[in-house]
Amino acid sequence: MLETLSILTCTLCLLLKSVNTRLFIVLCLKICLVTSLDCMFSNDNGKVLRKEGDIILGGLYPIHFGIDKKEESFKSTPELPGCTNFYAGGLQWAMGMVFAVNEINENSSLLPRTTLGYAIYDSCFNMPKTVETSLKFMKIDSVHTKYCTHHVIVGTFGSTLAVMMARLFGLYSIPQVSYASSCKCLSDKSQFPSFLRTLPNAKNEATALAFLVQHFNWLYVGAIAVDDDYGRPAAAQFVEEVEQNGVCIAFQEVLPQIKDAEAIFLLVVHESKANAVLVYSTEIDFLQLADEFLKCNLTGKSWIASDAWIKSHTLTNSRYAQLFEGTMGFHFHQGKIQGLENFLINIRPGPLEVRESFSKLWERTFDCTWDAFEVHHRICTGSENLSKIYSPFTEVTQVLSPYTTHLAVYSIAYGLHDLQSCQPGEGPFQNNSCTNISNFQPWQLVYYIRNVRFIHDQNEVMYFDENGDPPAKYDLYNWQGVNGELEMIVVGYFESIPPLQPNLFVNSELILWADGNTKVPISICSEPCKPGTRKAALVGEPFCCFDCIPCNEGEYSNTTDSQDCFRCQKYFGSTSQRDYCITLPEEFLEFSDPIAVPLLALSVLGIVFTLTIMVTLFWSHKQANDISWMFGVILVAVCASFSSCWTFAGRPINSTCQMQKILVSFSLTLMISCLMSIILQLCIKSGGNPLIKTRKFINENTVIYLFLTPQFAFDVVWSMLGFSHINYNTNDRPGNVILECVDSSIAWSICALAYLVILFIICCSLATQAQTYLPSLREPKFITFYMYFCILVTVAFIPAYITTQGKFTVATEIFAVLVINYGLIVSLFLPKCYNIIIKNK
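With the working numbering applied, the sequence shown closes on residue 847, and no number is skipped along the way.
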């Protein structure tokens, strides 16, 4: 009763994780141990294997997974619950320790005159049971504080349990060498000074997994971790490292050991775009979630396994083959233990005190029973041969823990060897003293184990670093479907041995993914943004979830996943894909342009017509002598105006820009001035017209000079100050460079056009008056009609000019000039030519 109370009290103390001080734990232990008045516990239930020796090694293995759920009524003496769910793998690991101890005892050169013994217990993978067993290892005389038997402990399986044990044994500097605990927290020597392990620090595996994710270019990864000292820190380390490499986490969920598998499946895995999912868990904790995945027919995921389940025989059987085919994961590099398989095969149930350890193994393996009264199964005889049947117990090629157990036991043995080999005066302790192997303190053995260095299994060097961790060497496994089941194939390795840089090697040719595919699965949230687009983050989503926004016209991006679009340089534009810049096509009215060809043809035709008319009129002038020389000047101006159309076509240059509008405006001014001079001349010859009075002041030639001189002066000033030049316009028509002629100010063109309109109005007024007083003459009528026509063309030209762009603006200008010129020919000269040629007048 007193002993049970002691164990329960100590269990309660150690489970209070919020109180983490060394003093508190010491007080707890004093409370626990003061109830034991002698060196031995009265109840030693739970011991699986025992061997006497000069030095006893304590061992703790999960022969079972779980304990009975029993509620105490407290009407009788409470008893600690028994273990359930027999686990053959745990028994195999324990026998690996037995095998190693036997090997060492048979090696007379390693520990001469010293025999190792062992006391191996079942932890049941349970915290209270582990506390109970740990206290049995702590057989301390409460009065004299003398260590009775156990100088070193091998165990246990699982980081959470190992942390509890390490806190306890660290208080009394008892060396503990774990074979299956990888939590990086255990490398903290300030908390766990006497803890060592033969399984590498989980941070190395996290680094290896981060390298693996980067190797396969997985950018969107999910993470599930068991809620204990193994899963949480390792997953956090993995997440930290992959995020530094630009990977984002789709989800990071904790898998409660009190199961919540369906919620994780529905809320996380099924709805996530992440195809690559890391699971940091033990096999036992992951099984129910795997069953949930199987029930929901989950497919399309690439599983990344932690070392705790990558070698699972349960998850690689045919039941899970479709779900987990293609799984990748690292496992500590496993050497071969010569003779272990034969040792396990030849095991037979032994004496009554240890038969219980093997009874369930025998019953499950051979489908028999030890109960003589059982009538439905055959009776086990103990003579059954394990070599005749497959059993996970004898499978050593794919199991790590016997190997790491072997390393742990040999590390202790070599530490004892160095302790035994110490020469007086050359020791590591005070005054260079040594200690005696028959009477040493546990803390002295810690020193020697920390400093061991030996060759193990084909030139593999085994040693511990300053944190008590072994070299980090991992094999990369790939689960491949073979005959309906999954086989574990080594496809690479990872090494992290300071001072060398971490190194990952992957033989991609050996890897098979789901359904036997050789193509690496893609795990991304968003497809990479192609050149010509930019990334736009999605609100509330991880940074690798984004939209790809096409670059605008005149912008480009020439890299994948560009964060921004960049403006092209001046006179450059982006391609239709917006992936790089090209020289913008120049737009101007080329001579060969379909618009320019008919306009220029009309200008040539106009020149021909004008010259023909000129010849006709001069021929008529010789015969009839009835025309003023003014008509010849007008025809010359018309030819010049037709010729000016060619200055508008072709690639503009500064000189043609200066000629264009000046030539047109001067030609038109000359034409209108001559028409007004003709009107005056006609009125003078006819007499009786009020306009005759103006002859006293001006004549027909004076009119020309009067109106032409301001235009000439304006054109000179315009050419000098207006700075008419070529302009590269990229605004009006995106994607093109419009080559156009512009002035320093639009006022110059407005003034030139306004002056022409004034001349049109004056000429129209004179022609109208002349038509009133000289109704018999046709010229005033024709000139009046032409002036109205010019005004209408001008009115129509202005909005057309404003609303067009590029070469169409130039075409509008040419068209307006052609219309005005042809209007003059049709209105004034064709009737005259008709009279001369047809009517011979």
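Glycine included, every Cβ here is placed at the ideal spot set by N, Cα and C.
Quantities reported herein were computed from a predicted structural model and do not represent experimental measurements.
Annotation for A208: the continuous alpha helix (DSSP H) segment containing it runs A208 to H221.
The way I'd put it, the region 73–90 doesn't touch the region 381–390; fewer than three beta-carbon pairs between them come closer than 8 Å. Distance from the Cα of P534 is smallest, within the candidate group K142, D521 and Y226, for Y226. Here R784 carries a coil assignment [DSSP, helix/strand/coil]. Here I255 carries a strand assignment [DSSP, helix/strand/coil]. Taken atom to atom, the span from the alpha-carbon of K190 to that of N207 is near 5 Å. A buried status is given to R540, since no fewer than 16 other beta-carbon atoms sit within 10 Å of its beta-carbon. When Cβ pairs closer than 8 Å are counted between the two stretches, the region 233–253 is seen not to touch the region 509–524, the count staying below three. Beta-carbon to beta-carbon, I685 and A776 are separated by about 5 Å, close enough to satisfy the 8 Å threshold.
Contact between the region 65–72 and the region 80–92 is present: 3 or more CB-CB pairs across the two stretches fall below 8 Å. Boundaries of the beta strand (DSSP E) around S184: Q182 to S184. Excluding five sequence positions before and after C550, the CB atoms of its chain that fall closer than 6 Å to its own CB belong to L225, Y226, C254 and C531, given in chain order.
Look at G306 here: in three-state DSSP terms it is coil, with no helix or strand label. Cβ-Cβ separation between F821 and I797: approximately 17 Å, too far for a contact (criterion under 8 Å). By the neighbour-count criterion, in which a residue is buried when 16 or more other Cβ atoms sit within 10 angstroms of its Cβ, A753 is exposed.
As for any beta strand (DSSP E) of minimum length 3 sitting wholly inside the region 314–355, the runs are 334–338, ordered along the chain.
Assignment of I230 by DSSP, reduced to helix, strand and coil, places it in the strand class. In chain order, S179 place their CB closer than 6 Å to the CB of W449, counting only its own chain and leaving out the 5 sequence neighbours on each side. In this structure, S363 sits away from P527, with a CB-CB distance that is not shorter than 7 Å. Residue burial is scored here from C-beta neighbours: Y326 has at least 16 other C-beta atoms within 10 angstroms and is therefore classed as buried. Judged by beta-carbon spacing, Y67 lies beyond the 7 Å limit of G102, meaning their Cβ atoms are not closer than that value. In the structure shown, L202 adopts extended strand secondary structure according to DSSP, grouped into three states. If you keep only unbroken beta strand (DSSP E) runs of at least 3 residues inside the region 457–529, you get 459–462, 466–469, 478–488, 491–502 and 509–512. Annotation: G433 to S439 spans about 5 Å, alpha carbon to alpha carbon. Rounded to the nearest angstrom, the gap between the Cα atoms of L293 and P548 is 29 Å. Linking F175 to P181 through their CA atoms gives a straight-line distance of about 7 Å. Excluding the 5 residues flanking it on each side, I418 has same chain C-beta neighbours closer than 7 Å at L63, V158, V183 and I455, in chain order. When beta bridges are read from the DSSP output, K541 appears opposite C554. In summary, L606 is buried, with 16 or more beta-carbon neighbours lying within 10 Å of its beta-carbon over all protein chains present. Per the DSSP secondary-structure output, R56 pairs in a beta bridge with A125. Between P600 and K576, the alpha-carbon positions lie close to 29 Å from each other. A Cβ-Cβ separation of about 15 Å leaves T162 out of contact with S200 under the 8 Å criterion. As DSSP reads the structure, G638 sits in no beta bridge.
When secondary structure is reduced to three states using DSSP, G812 falls in the coil class, being assigned neither helix nor strand. Going by C-alpha positions, W485 is about 8 Å away from T322.
Beta-carbon to beta-carbon, V709 and M682 are separated by about 5 Å, close enough to satisfy the 8 Å threshold.
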